[in-house]
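Here the structure is laid out as structure tokens; the discussion comes afterwards.
Protein chains in written order, with the working numbering: chain S, 70 to 399; chain W, 753 to 1089.
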């Protein structure tokens, strides 16, 4: 079976330049060997806190910037060096939905021209563009009569639907969703999440779903990868990861998310991490989580733990993995 | 002297309106609540529900253009209509606010000790330098900063993000305020830092016994911290109750909708999430009758969309503004029993 998308040991670094001569004085290690495989028609959730590299990863996948080493494959074909018509085709097949529905739509374009632009760029639906635009609006649950309106006439949830329609316009295979609902109120967020699952089923789409909200990730994903400082700490099928986390960082993250149930919330075990995420300019040696980990030993500073799978499909990069159940199943 | 039966803060029939050429926007409409000593009241609502305008009104920080009526009493003393000078001495001393962005709110060129000492001195000039310093150290200890005697002389950049949040909280409690307002105290924070901040708020309240107004859109945060909850929609209170009844004996369709639309981290992704149809009304064009009725599956035409909907007391301390409470209860709890 080929995967819809794969990342193999992806590395992306940014130079830090200072002084009058802009000499390079350091390197931001944004992605330090990230690998994943996205099964066709499924959703891979990528979670992690600010600065873990999840947005850099998303941008690498849609080729918004080049990677330094490693490979990104679409249907088994490497795309990290694609040029010309192959790059154009890659960009059609892999589309992105951005976080901020207020910043990602041009305020001076009507919905109709926002949706027509990708069609023009890729030369699709030359005859019948307006029919395609109506179809796209209906697909995301908006009235086709809205085509002539401007973005400011819509609420946040509706704008995000327009952003999704724009991504779908060119019939992509993979959608990279970068925090698509984090700017929305919960009641509106639910509608957009439902719409995303519905579209996935109908169109057979594969999603890379980047988010910091673990509850939303659990709801939408089939597999989840937890990132910490440019590396994957743990990746597993969704229920495995949430009910039987093995990496200490995953456990700390899960225990920190508030649950809207007062009795449960007040009685459950909580792991409070001390300190901040270290700077990606100067990440810790060995395991990057060791500076905040309660299990860390000297071994963790010397040897980088590799991401190793067990028979359940749970892959964990830790020298001392151990299942810890954080939610009592009702 | 504080009496535990008299509220610290009493808001009665608060109404906040903003007018311009395009019309009048009513952000808060007839809101009443009481905050008891030592209590945490969670005020929950989505964008535009009026929860932040309410906290600004209590702080006296609304722009002059806002038309504010009703009454806001702090330990019996009316705050509405007080002069700006008089409010200056209330703010920071008797009512304090926890700000969200600690890096922006702390001054990078002064040590945290100097900044804490200033916060105390502004309202109390009688203290000597050594008393102020002792107070600063005590405050750092209260918010759980290790070795406060050493760290009091450090600058903000020497602290981690979570520690800076703690310093912000220490500043807001510097003068033992009667009321602490935490307006979305953790919204932009990463979950592990959020957990730290919530921990500190809990700890501070245990130690100081101050009352807290916790303004948030996150029912998870409320579940862990609040004693009582007030749910707002389009400027009005829709439900008010102690923490457990809000979650386990939910009465109002809007509260129910909010709870059902939240994905849960501790549960398998079941089927579809409940999604409330439509969107909240604009504050310039509020619907007649119950403001949630156009989006409510329980609403009945001719009943819910006319006149003023009364506040109904379900229990002495649980009330909801809805005419279809029996139907909601039957559907929600009758089937399961």
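We put the beta carbon where it would ideally sit given N, CA and C, even for glycine.
Just so we're clear, the structure is a prediction, and the values are computed from it rather than from any experiment.
Whole-Å CB distance - residue i paired with residue j, under 8 Å assumed
i	j	result
residue 284(S)	residue 1014(W)	7 Å
residue 234(S)	residue 168(S)	Going by Cβ atoms, the distance from residue 234(S) to residue 168(S) rounds to 17 Å, so no, they are not a contact pair.
residue 875(W)	residue 835(W)	In fact, because the Cβ distance is near 17 Å, the residues do not count as touching under 8 Å.
residue 812(W)	residue 803(W)	Actually they are not in contact, since the Cβ atoms of residue 812(W) and residue 803(W) sit about 17 Å apart, beyond 8 Å.
residue 863(W)	residue 906(W)	6 Å
residue 120(S)	residue 353(S)	No, residue 120(S) and residue 353(S) are not in contact; Cβ-Cβ is about 14 Å, not under 8 Å.
residue 254(S)	residue 969(W)	7 Å
residue 116(S)	residue 295(S)	5 Å
residue 1059(W)	residue 1047(W)	With a Cβ gap of about 19 Å, residue 1059(W) and residue 1047(W) do not count as contacting.
residue 1066(W)	residue 1077(W)	7 Å
N-terminal and C-terminal residue of the alpha helix (DSSP H) that residue i is part of
i	result
residue 921(W)	913-924
residue 130(S)	123-130
residue 234(S)	225-237
residue 980(W)	Where residue 980(W) is concerned, there is no enclosing alpha helix (DSSP H), although the beta strand (DSSP E) it sits in stretches over 980-985.
residue 893(W)	881-894
residue 1061(W)	Residue 1061(W) -> no alpha helix (DSSP H), and no H or E assigned at all.
residue 957(W)	943-960
residue 808(W)	803-811
residue 839(W)	836-842
Buried or exposed (CB count within 10 angstroms, at least 16 for buried), residue i
i	result
residue 801(W)	buried
residue 368(S)	exposed
residue 957(W)	buried
residue 288(S)	buried
residue 123(S)	buried
residue 281(S)	buried
residue 390(S)	buried
residue 1016(W)	buried
residue 90(S)	exposed
residue 270(S)	exposed
residue 263(S)	buried
residue 1087(W)	Since pLDDT at residue 1087(W) reaches only 46, below the 50 mark, its modelled position is unreliable, and the value read off the structure follows with that caveat. Under this definition residue 1087(W) is an exposed residue.
residue 1027(W)	buried
residue 935(W)	buried
residue 244(S)	buried
residue 1000(W)	exposed
residue 1074(W)	buried
residue 898(W)	exposed
residue 807(W)	buried
residue 302(S)	buried
Own chain residues within Cβ distance below 7 Å of residue i, not counting five before or after
i	result
residue 378(S)	384
residue 922(W)	868, 891, 892, 894 and 895
residue 341(S)	none
residue 884(W)	869, 872 and 873
residue 971(W)	796, 1010, 1011 and 1014
residue 821(W)	767
residue 1033(W)	986, 1039 and 1043
residue 787(W)	759, 760, 761, 793, 931, 963 and 965
residue 221(S)	176
Own chain residues within Cβ distance below 6 Å of residue i, not counting five before or after
i	result
residue 191(S)	161 and 239
residue 173(S)	167 and 232
residue 365(S)	359
residue 779(W)	768, 802, 805, 987 and 1035
Residue i - partner residues in DSSP beta bridges
i	result
residue 114(S)	278(S) and 293(S)
residue 770(W)	777(W) and 818(W)
residue 764(W)	823(W)
residue 92(S)	87(S)
residue 304(S)	294(S) and 384(S)
residue 783(W)	766(W)
residue 98(S)	82(S)
residue 105(S)	76(S)
residue 849(W)	933(W)
8 Å Cβ shell around residue i - same chain, five flanking residues per side excluded
i	result
residue 230(S)	209, 210, 211, 261 and 264
residue 1061(W)	1041, 1042, 1073, 1074 and 1075
residue 765(W)	782, 783, 784, 821, 822 and 823
residue 776(W)	769, 770 and 1036
residue 774(W)	1036
Start-to-end residues for the beta strand (DSSP E) that takes in residue i
i	result
residue 1070(W)	1070-1072
residue 140(S)	138-143
residue 1129(W)	No information on residue 1129(W) is available, as it lies outside the stretch 753 to 1089 that chain W covers here.
residue 988(W)	988-994
residue 963(W)	963-968
residue 414(S)	Examination of residue 414(S) is not possible in this model, given that chain S is present from 70 through 399 alone.
residue 245(S)	243-247
Heavy atom of the ligand SAH within 7 Å of residue i beta-carbon
i	result
residue 786(W)	Annotation note on the ligand SAH: not contained in the displayed structure, which lists no ligands.
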